[in-house]
Amino acid sequence: MKEISVMIKNGIWLYGAEIINKILLFMFIVYLARVLGDVNFGVYSFAVSFTTIFLSLINIGMNTYLIREGARDINKIKEYFGNMLMWKVIFSCITFLLVFSLLKIMNYSNTTIYITIIFLIYVIIGAFNNLFVMVFRVYQKMEYEAIVSVLENVFLVIVGSIMLYMGKSLIVISYVYLIGIFLTLLVSMTLVYLKFIDFKIKINREQFVYVLKNSYPFALIVIFMYVYFKIDIIMLSIMEGDAVTGWYAAATRYVYLLLQIPVIFTTVIFPQMTKKFLEKKSDLREIYTV
Numbered sequence: 004m005k006e007i008s009v010m011i012k013n014g015i016w017l018y019g020a021e022i023i024n025k026i027l028l029f030m031f032i033v034y035l036a037r038v039l040g041d042v043n044f045g046v047y048s049f050a051v052s053f054t055t056i057f058l059s060l061i062n063i064g065m066n067t068y069l070i071r072e073g074a075r076d077i078n079k080i081k082e083y084f085g086n087m088l089m090w091k092v093i094f095s096c097i098t099f100l101l102v103f104s105l106l107k108i109m110n111y112s113n114t115t116i117y118i119t120i121i122f123l124i125y126v127i128i129g130a131f132n133n134l135f136v137m138v139f140r141v142y143q144k145m146e147y148e149a150i151v152s153v154l155e156n157v158f159l160v161i162v163g164s165i166m167l168y169m170g171k172s173l174i175v176i177s178y179v180y181l182i183g184i185f186l187t188l189l190v191s192m193t194l195v196y197l198k199f200i201d202f203k204i205k206i207n208r209e210q211f212v213y214v215l216k217n218s219y220p221f222a223l224i225v226i227f228m229y230v231y232f233k234i235d236i237i238m239l240s241i242m243e244g245d246a247v248t249g250w251y252a253a254a255t256r257y258v259y260l261l262l263q264i265p266v267i268f269t270t271v272i273f274p275q276m277t278k279k280f281l282e283k284k285s286d287l288r289e290i291y292t293v
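Under the working numbering, think of the first position of the sequence shown as 4, with each following residue one higher.
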């Protein structure tokens, strides 16, 4: 069955990339925690956790919806893509204002707010990159996703480690994250434009309302998932301060690195299962059994 061979190929690419990424990130996080110390690592962990929770407000389930509809009808990709890009710009601005207001209300220090805002911009750029990555998944060309993700982490580990070795501050490290995701976005954007779709940013309110009605359940799932995995860091930061947060995050961060591995399986089979649900349910059962 051709679909199964495609899934195996994509799985090999993604699992291979994930193994490389986890090894790179594990070494970098160990070095990062050691060099920054408990307080600064606590600030870093809060910034990452707090901003990640708001990622779902930018995506609002559109990424998963794009995969589902694109796998069923490849011609819908170009129709939806430009509109989704425009709405991501709008929701990114809303999210930025919301996060900045909450940080001010929560009375964090100016340094913590500044670093958190940098990571918020990192998350926003990452949200746009994720939309381009969804195109790779729809077209079942996940080798591009694998290569792009590895390149991002190689840049982060090499440049970030050099900056840490030179004694640079957490603010500099946060800029390394920002530059890395920006370069990743440029690569993903170029690949999508040259190899898949000639996209144009546009706005269609009627289409957006239709997509939102169908995508919000995906958004709710992601919101609850992010809250479940990130709320502990935020609560500790508020109640106990940066040092305790740093101790806790240093212990749990390595466990979280392993949680993404089972998700790859879902990433690989979801487009095919969506397509076969409409075309041939017997093949869907075969894919599920495999």
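From the three backbone atoms N, C-alpha and C, an ideal C-beta is built for every residue, glycine too.
Taking 7 Å as the cut-off, the Cβ atoms of Asn-86 and Lys-205 count as close.
In its chain, beyond the 5 residues on either side, Ser-218, Tyr-219, Phe-221, Ala-222 have a beta carbon closer than 6 Å to the beta carbon of Gly-64.
For Leu-28, the closest C-alpha among the options Ile-236, Tyr-168, Ser-164, Ile-200 is that of Ser-164. With fewer than 16 other Cβ atoms from the protein chains shown falling within 10 Å of its own Cβ, Arg-37 counts as exposed. If the five residues before and after Leu-60 are omitted, its C-beta is found closer than 7 Å to the C-beta atoms of Phe-94, Thr-98, all from its own chain and listed in chain order.
Excluding residues up to 5 positions away in sequence, Thr-54, Val-102 lie with their Cβ nearer than 6 Å to the Cβ of Leu-123 in the same chain.
CA-to-CA, the gap between Gly-45 and Val-126 works out to about 18 Å. Shortest Cα-Cα distance from Tyr-68 to any of Gly-183, Tyr-231, Tyr-213 involves Tyr-213. When rounded, the separation of the alpha-carbon atoms in Cys-96 and Ala-50 is 18 Å. Taking 7 Å as the cut-off, the Cβ atoms of Asp-41 and Gly-249 count as close.
Between Phe-202 and Phe-57, the C-beta spacing is not below 7 Å. In the structure shown, Tyr-125 falls within a helical segment according to DSSP collapsed to helix, strand and coil. For Lys-91, the enclosing alpha helix (DSSP H) covers residues 79-108.
A Cβ-Cβ contact shorter than 7 Å links Ser-177 with Ile-121. Nearest to Thr-114 by alpha-carbon distance, out of Asp-245, Val-151, Ala-252, Tyr-251, is Asp-245. With respect to the 7 Å criterion, Met-169 and Asn-66 are not classified as neighbours on the basis of their beta carbons. By the 16-neighbour rule on beta-carbons within 10 angstroms, Phe-227 is exposed.
Going by beta carbons, Trp-16 and Met-166 fall outside the 7 Å limit. At least 7 Å separates the beta-carbon of Phe-135 from that of Tyr-147. Counting the other CB atoms within 10 Å of its CB gives Met-10 a total of 16 or more, which places it among the buried residues.
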